[in-house]
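K.L.:
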Amino acid sequence: MTMSTRLDHYLTEHHIHFQTVNHSHSNSSLQSGVAAGIPLNNLAKGVILEDHQGRHMMAVLPANNKISLSRLNDELNASFHLIKEREVYRLFTDCDNGAIPPVGSAYHMATICDEMLANLEHVYLEAGDHKTLIKLDKEAFRELMGESRFLRFSSQVFH
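Every position in the sequence shown, counted from 1, becomes a number in my numbering once 432 is added.
#1: Quick one: does LEU462 have its CB under 8 Å from some CB of chain B?
#2: Which of the three DSSP states, helix, strand or coil, is assigned to ASP561?
#3: Among VAL589, TYR521, HIS484, MET548, which one has its Cα closest to the Cα of ASN509?
#4: Pull up the distance between the alpha-carbon of VAL520 and that of ILE480, whole angstroms please.
#5: Once you ignore the five residues that flank HIS449 on each side, which residues in its own chain have a CB closer than 6 Å to its CB?
#6: Since LEU481 is in the beta strand (DSSP E), which residue starts that stretch and which ends it?
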């Protein structure tokens, strides 16, 4: 598999300028960043959340960070929890398991983005497989995030 078909279509449809970065096979976003030789705080990952009514939302945060659900729920005055891994696979059928692109809008999903990603010169995203990253400059990333809210809801985990 290469880039997710939905992601490819979305980037083309919205005229988002990007570059692809190929790397050796990896099993996680952290491994992808290491394999591609990029700073882990510049690699965005998507975490899928669900509220009490079954609505999904994607939280986008740096790959080397951990989401704080309590902080996020306080900011949004909501009650989101992580969804089960098998549910993620069901929602992202055009992606390899564990390589979801952190672009909720391509999957008709509300998105919230950690503000730590907002002002980086370049942000990298999983492309839907375990061998390709998408590289975006600051303006392209902000355009890709569109109407997403930017809040601080994660903290760095050292590896």
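Each residue gets a CB set at the ideal place from its N, CA and C atoms; glycine is no exception. Just so you know, these numbers come straight off a predicted model, no measurement behind them.
P.N.:
Inspection of the coordinates gives the following:
#1: Absence of chain B from the displayed structure is noted, only one protein chain being present.
#2: As a first step, residue 561 must be located in the sequence shown, where it is residue number 129. Per DSSP, reduced to three states, the secondary structure at ASP561 is coil, with no helix or strand assignment.
#3: As a first step, residue 509 must be located in the sequence shown, where it is residue number 77. When only C-alpha atoms are compared, the closest one is HIS484.
#4: For the purposes of this step, residue 520 is taken as the residue at position 88 of the sequence shown. For the purposes of this step, residue 480 is taken as the residue at position 48 of the sequence shown. When rounded, the distance between both Cα atoms is 7 Å.
#5: Position 17 of the sequence shown, counting from 1, holds the residue named residue 449. Within the same chain, ALA572 come within 6 Å of HIS449 by CB-CB distance, once the 5 residues on both sides are set aside.
#6: One-based indexing of the sequence shown puts residue 481 at position 49. Per DSSP, the unbroken beta strand (DSSP E) holding LEU481 starts and ends at 475-482.
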